[in-house]
Amino acid sequence: MDTPSASPNGAANDLAERIAETCAAVAAVPDLVVACGQLLPLLAEAAGATRASLVLVNPDTGGLLIANAFGLPVDLTGKDLPYRPNSIVEWVLRNQRPLILNGEVREERFQGSDRSVDCAMSLPIEGFDGPIGVVNLARPGSGDRFDEPTMLAIARLLYPVGVAIERVHRASLADRSFRQLQRPTSAWIETHLPEGGFHSRNYEFGYTRVSSVRESGDLCVRMPHANGAQTLLAIDSSAWGPAAAITTAFTHGMFVATATPERSAVALVARLNAGLHGRLPAGGHLALWVAQLSRNGTLACCNAGTTAPIWVPADDNPPRLLTTGGPIAGAFAQADYREETLRLLPGDLIVGASNGVLLARDAAGNPFGNERLIELVSELRRGPLDRLTRAVCEAVRHYTGRPSPNDDLSVFALRYTPGD
Numbered sequence: 003m004d005t006p007s008a009s010p011n012g013a014a015n016d017l018a019e020r021i022a023e024t025c026a027a028v029a030a031v032p033d034l035v036v037a038c039g040q041l042l043p044l045l046a047e048a049a050g051a052t053r054a055s056l057v058l059v060n061p062d063t064g065g066l067l068i069a070n071a072f073g074l075p076v077d078l079t080g081k082d083l084p085y086r087p088n089s090i091v092e093w094v095l096r097n098q099r100p101l102i103l104n105g106e107v108r109e110e111r112f113q114g115s116d117r118s119v120d121c122a123m124s125l126p127i128e129g130f131d132g133p134i135g136v137v138n139l140a141r142p143g144s145g146d147r148f149d150e151p152t153m154l155a156i157a158r159l160l161y162p163v164g165v166a167i168e169r170v171h172r173a174s175l176a177d178r179s180f181r182q183l184q185r186p187t188s189a190w191i192e193t194h195l196p197e198g199g200f201h202s203r204n205y206e207f208g209y210t211r212v213s214s215v216r217e218s219g220d221l222c223v224r225m226p227h228a229n230g231a232q233t234l235l236a237i238d239s240s241a242w243g244p245a246a247a248i249t250t251a252f253t254h255g256m257f258v259a260t261a262t263p264e265r266s267a268v269a270l271v272a273r274l275n276a277g278l279h280g281r282l283p284a285g286g287h288l289a290l291w292v293a294q295l296s297r298n299g300t301l302a303c304c305n306a307g308t309t310a311p312i313w314v315p316a317d318d319n320p321p322r323l324l325t326t327g328g329p330i331a332g333a334f335a336q337a338d339y340r341e342e343t344l345r346l347l348p349g350d351l352i353v354g355a356s357n358g359v360l361l362a363r364d365a366a367g368n369p370f371g372n373e374r375l376i377e378l379v380s381e382l383r384r385g386p387l388d389r390l391t392r393a394v395c396e397a398v399r400h401y402t403g404r405p406s407p408n409d410d411l412s413v414f415a416l417r418y419t420p421g422d
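Going by the working numbering, the first residue of the sequence shown is number 3, and it counts up by one from there.
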């Protein structure tokens, strides 16, 4: 039976070019199944194989996953192989050496392997950092046997294949991680301040969060206490991506562990500052706003370098910014913080917005700013707070002309509503 030549003739060069083109094409699509489904037939064609499989290390389980195959039972694809320490695939992967098997497998090192192989070849697939899997190729018993020149020819084709597969794999993992970061905060942490609106302990709350493309980790957290009081924390992170998520989660954990109704807002900020100092990456910091809310409408708050929330009195007095506090958290081991106390009247409103809102810019580079925010809040002050917070985020999107912000949009609102 004639089989494709492994020598560097015109047909072989053409096949190598097709493999290179396919590697470049599949690397642009983060789908491992599609990538392997396009690459394996080309390798089988180069080897004259009628049965083939691509087996990759599964990062989720550590096992060996059949990423693609033909000439094998369909139900094997996409599943981990049962662990067999003396299997051919395990040996090739561990030793990083190719293997040619012609005829029945009798070697003790492969005890428990399929002994019905007539003519087979297994080669390790190398990625950026080492072996990522194995390609198995087989011919029928009536075909020519594999030899070393054929093995070397296939090995030369495998490096771009391995790099392409690893790029696809990394892109797939990156896409999965990105989608996890983009999920609502309630999917990965309990904040007791869900997006939307609700009433709790004489207060109405509203919260809206729009993740940026790079995810900045901005978050609002509410801590209810047994005596009816509540503590509120707004976080505005300077980091982005996983670093922002880790920093925000760390701060959330400290807040949950230290927030008590007896601890003042300024004492809580000082404690968070001490915990963050020296634990953030170089140049990293967090802007925080902490408030202690009592059932009778007393609000004590401390601003640690964040955009100042707006106090909108119910009696039509001018809105006021809540700026009292101190420097950003984590920048200094010892920092001087102060707090201010308000006695809220029924209907009084507090609205806070992250940097992503106030610093959002239009095409001319002009920031959205406090003035526009105050005007919008004053216009919507008497409506439901979930509608107000959503409207602020939509106004920012309209102002910038961009569907996705370049920094998180995080807007919270609370209204004192005794008796509700």
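Beta carbons: idealized from backbone N, C-alpha and C, even for Gly. In this text the structure is predicted, and so the values were computed from the model without any measurement.
By the three-class DSSP mapping on this structure, what secondary structure does residue i have?
i, result
"Gln232", "strand"
"Phe72", "strand"
"Pro43", "helix"
"Gln336", "coil"
"Ser380", "helix"
"His287", "coil"
"Gly104", "The question names Gly, but residue 104 in the sequence shown is Asn. In this structure, Asn104 counts as strand in the three-state DSSP scheme."
"Leu282", "coil"
"Ile191", "coil"
"Ser179", "helix"
"Asp62", "coil"
"Leu83", "coil"
"Val215", "coil"
"Ala51", "coil"
"Arg117", "Bear in mind that the predicted position of Arg117 carries a pLDDT of just 48, short of 50, making it unreliable; the figure below should be weighed with that in mind. Correct three-state label for Arg117: coil."
"Arg265", "coil"
"Gly385", "coil"
"Arg404", "coil"
"Asn243", "The question names Asn, but residue 243 in the sequence shown is Gly. DSSP places Gly243 in coil when its eight states are reduced to three."
Could you check if residue i belongs to the surroundings of the ligand GDP, using beta carbon to heavy atom distance under 7 Å?
i, result
"Leu347", "By its list of ligands, the structure shown contains no ligand whatsoever, and the ligand GDP lies outside what it can speak to."
Run the CB neighbour count on residue i, radius 10 Å, all protein chains shown included, and call it buried at 16 or more, exposed below.
i, result
"Gln294", "buried"
"Arg211", "buried"
"Arg384", "exposed"
"Val76", "exposed"
"Asp16", "exposed"
"Arg20", "exposed"
"Ala224", "The displayed chain sequence assigns Arg, not Ala, to residue 224. By the neighbour-count rule (16 or more Cβ atoms within 10 Å), Arg224 is buried."
"Asp116", "Confidence at Asp116 is low in this model, with a pLDDT of 49, below 50, so the placement of that residue is unreliable and no value is reported for it."
"Tyr85", "exposed"
Please name the residue or residues paired with residue i in a DSSP beta bridge.
i, result
"His201", "Glu206"
"Phe414", "Tyr209 and Gly354"
"Asp364", "Asp364 pairs with nothing; no bridge assigned."
"Val223", "Leu235"
"Ala157", "Partner(s): none; Ala157 has no beta bridge."
"Pro369", "Arg363"
"Val122", "Sequence check: residue 122 is Ala here, not Val. Answer is Leu103 and Ala140."
"Leu56", "Asn70 and Val137"
Note down, in chain order, each residue of its chain lying with its Cβ closer than 6 Å to the Cβ of residue i, except the 5 sequence neighbours on either side.
i, result
"Glu206", "Leu387, Arg417 and Thr419"
"Ser124", "Ile90, Val94, Leu101, Val136 and Asn138"
"Ala241", "Thr249 and Gly286"
"Pro369", "Leu361 and Arg363"
"Glu47", "none"
"Ser174", "Pro32 and Leu34"
Between which residues of its own chain and residue i is the CB-CB distance below 7 Å, once the five residues before and five after are set aside?
i, result
"Ser239", "Ser218, Gly219, Asp220, Ala246, Thr249, Thr250 and Leu288"
"Ala22", "Pro162"
Worksheet entry | Complete beta strand (DSSP E) runs within the segment 286 to 362 (minimum length 3 residues, chain order) | 288 to 295, 300 to 306, 312 to 314, 342 to 345 and 351 to 355
Worksheet item: Which ranges does the beta strand (DSSP E) cover as unbroken runs of at least 3 residues, wholly within the segment 124 to 152, from first to last along the chain?
Response: 133 to 141
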